[in-house]
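Numbering follows numbering that gives the first Met the number 0, in which position 68 of the sequence shown is assigned residue number 67; successive positions increment by one, without gaps.
First comes the structure, then the notes that go with it.
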Amino acid sequence: MKILITGISGFIGSNLAEYFLDLGHDVIGIDNFNDYYDVSLKRLNAEDVKKRGGKIIEADLNAPLSDLLPSDVDYIFHLAAQPGIAAHVTLEEYVQNNIFATQNLLDWTLARARNLKLFVNIATSSVYGKEATLPEDAEPRPISYYGTTKLAAEQLVLGLVRTGQLKACSFRCFSVYGPRERPEKLYTKLIRSIYEKTSFPLYQGSEHHSRSFTYVGDIVEGLTSVIGKEVLCNGEIFNIGSDHEHTTGDGIRLIERIIGMKAVIDHIPPRRGDQLRTAAIIGKAKRVLGYLPRTDLESGLREQVRWYREKFLD
Ligand SMILES: NC(=O)c1ccc[n+]([C@@H]2O[C@H](COP(=O)([O-])OP(=O)(O)OC[C@H]3O[C@@H](n4cnc5c(N)ncnc54)[C@H](O)[C@@H]3O)[C@@H](O)[C@H]2O)c1
């Protein structure tokens with residue numbers, strides 16, 4: 000099978016690419032290697048993907064895509080996006096990378112990808128708003144540019160299903176962590192600050208925020224479970240994430256225990272647009288896709304610490 004992955008050099012995209020490559024599939028990806036976070040980390044991810052036989056096109060999804068991407072793909076997994084809730088990222092950047100880039104890819108898909116079995120959109124629990132504790136048919140109430148633009152992207156994809164032009168589904172992922180987690184996210188930042196003996200900036204009150212922290216391997220299993228289930232998936236939205244909740248404080252204590260050292264916490268003002276609680280309601284994904292996240296937080300965090308040590312310390 001031939002699989003196109005957008006955002007292939009990022010955290011989740013590179014893990015997904017390796018999964019398909021290990022199964023012997025043909026994987027081609029596109030990534031613009033933007034500098035939202037340290038580009039050398041994306042280069043490291045890309046090298047790992049290439050070593051396993053993946054091909055990577057370095058280009059922006061907003062560019063003319065006509066002859067850039069292979070038209071004989073069976074599946075498209077669309078992960079490229081401006082992720083995160085960051086004060087320094089402008090609305091224009093969210094709109095450009097989440098809305099316009101998605102529409103440009105969709106235009107290319109309709110014009111070129113004649114053999115496509117399914118377009119798989121990657122959305123986020125941030126579309127639900129302050130509390131992401133609801134099933135897929137609840138009214139989305141995003142409170143950040145990120146959540147709003149990702150919701151718009153999801154609707155651009157599903158709109159084409161409604162008009163019968165595309166077979167597609169969308170996954171709303173919940174708080175993903177694990178090897179290659181982005182450096183500005185909780186665990187990679189925390190692990191690094193402990194090993195480098197620097198202070199860890201913690202948004203005031205966030206230690207009590209509750210999250211469906213989900214191991215990246217369990218996200219990859221959820222995304223790939225669509226293969227062969229195109230008819231069941233077409234037009235559907237699925238929440239995927241762990242159905243166990245932990246507070247950020249629990250996560251910090253676990254990391255301290257695994258590493259055997261304490262973090263030096265520096266409390267900083269709360270972040271605008273942050274969610275108070277996320278709890279993945281995954282009954283639909285369980286029922287339709289047989290989805291079953293299996294990695295408990297401690298085992299997943301041990302893997303992430305092992306990855307960090309191997310890449311950056313040993
Ligand atoms: N990490 C999470 O916890 C999480 C949770 C929910 C949803 N998601 C979604 O999963 C997807 C992947 O997230 P991630 O955490 O791996 O982020 P990431 O930033 O590590 O990966 C995204 C990749 O897309 C690339 N990219 C961005 N804009 C592009 C453009 N215009 N053209 C080409 N490439 C572009 C970036 O260079 C990056 O390598 C995103 O769609 C995100 O919204 C992530």
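Just so it is clear, CB atoms sit at the ideal spot from N, CA and C, and this is done for glycine as well.
Mind reading off the beta-carbon distance from Asp37 to Pro182? Whole number of angstroms is fine, and I expect it under 8 Å.
About 6 Å separates the two Cβ atoms, so the contact holds.
Suppose you measure from the CA of Leu68 to the CA of Asp242; what does that come to, to the nearest Å?
Straight-line Cα distance between these residues: approximately 37 Å.
Give me the Cα-Cα distance between Pro200 and Ser192, rounded to the nearest whole angstrom.
Cα-Cα distance, rounded: 9 Å.
Return the chain-ordered list of same chain residues with a C-beta closer than 7 Å to the C-beta of Ile281, the five sequence neighbours on each side being excluded.
If we look at Ile281 and ignore the five residues flanking it on each side, its Cβ neighbours are Asn238, Ile239, Gly240, Asp242 and Tyr290.
Under 6 Å: does the beta carbon of Lys54 sit that close to some heavy atom of ligand 3?
This structure does not include ligand 3; its bound ligands are ligand 1.
Same chain, Cβ closer than 8 Å to Gly52, five either side skipped, listed in chain order
Correct list, in chain order: Leu20 and Val26.
Taking 6 Å as the cut-off, is the beta-carbon of Leu78 closer than that to any non-hydrogen atom of ligand 1?
Yes; taking the cut-off as 6 Å, the Cβ of Leu78 has a heavy atom of ligand 1 nearer than that.
Classify Lys1 as helix, strand or coil using the three-state DSSP reduction.
Per DSSP, reduced to three states, the secondary structure at Lys1 is strand.
Can you look up Glu180 in the DSSP assignment and give me helix, strand or coil?
Glu180: coil per DSSP, three-state reduction.
Inter-residue Cα distance where the pair is Ile267 and Gln203
If you take the alpha carbons of Ile267 and Gln203, they lie about 6 Å apart.
Say the cut is 6 Å; is the CB of Asn31 nearer than that to a heavy atom of ligand 1?
Relative to ligand 1, Asn31 has its C-beta within less than 6 Å of a heavy atom.
Specify, as a first and last residue, the run of the alpha helix (DSSP H) that Tyr36 falls within.
Premise fails: Tyr36 is in no alpha helix (DSSP H) and is neither H nor E.
Report the three-state DSSP secondary structure of His24 (helix, strand or coil).
DSSP places His24 in coil when its eight states are reduced to three.
Of the residues Thr101, Leu288 and Leu185, the one placed nearest Val230, counting alpha carbons only
Ranked by Cα distance from Val230, the first of Thr101, Leu288 and Leu185 is Leu288.
Residue(s) in a DSSP beta bridge with Thr101
Bridge partners of Thr101: none, in fact.
C-alpha gap between Asp66 and Asp265, whole angstroms
Each residue's Cα considered, the two are about 49 Å apart.
Write down the C-beta distance between Thr101 and Val156 rounded to the nearest angstrom, noting that I regard them as a contact closer than 8 Å.
7 Å between Cβ atoms; contact.
Beta strand (DSSP E) segment containing Glu220, residue limits:
Counting along the chain, Glu220 falls outside any beta strand (DSSP E), though it belongs to the alpha helix (DSSP H) covering Val215 to Thr223.
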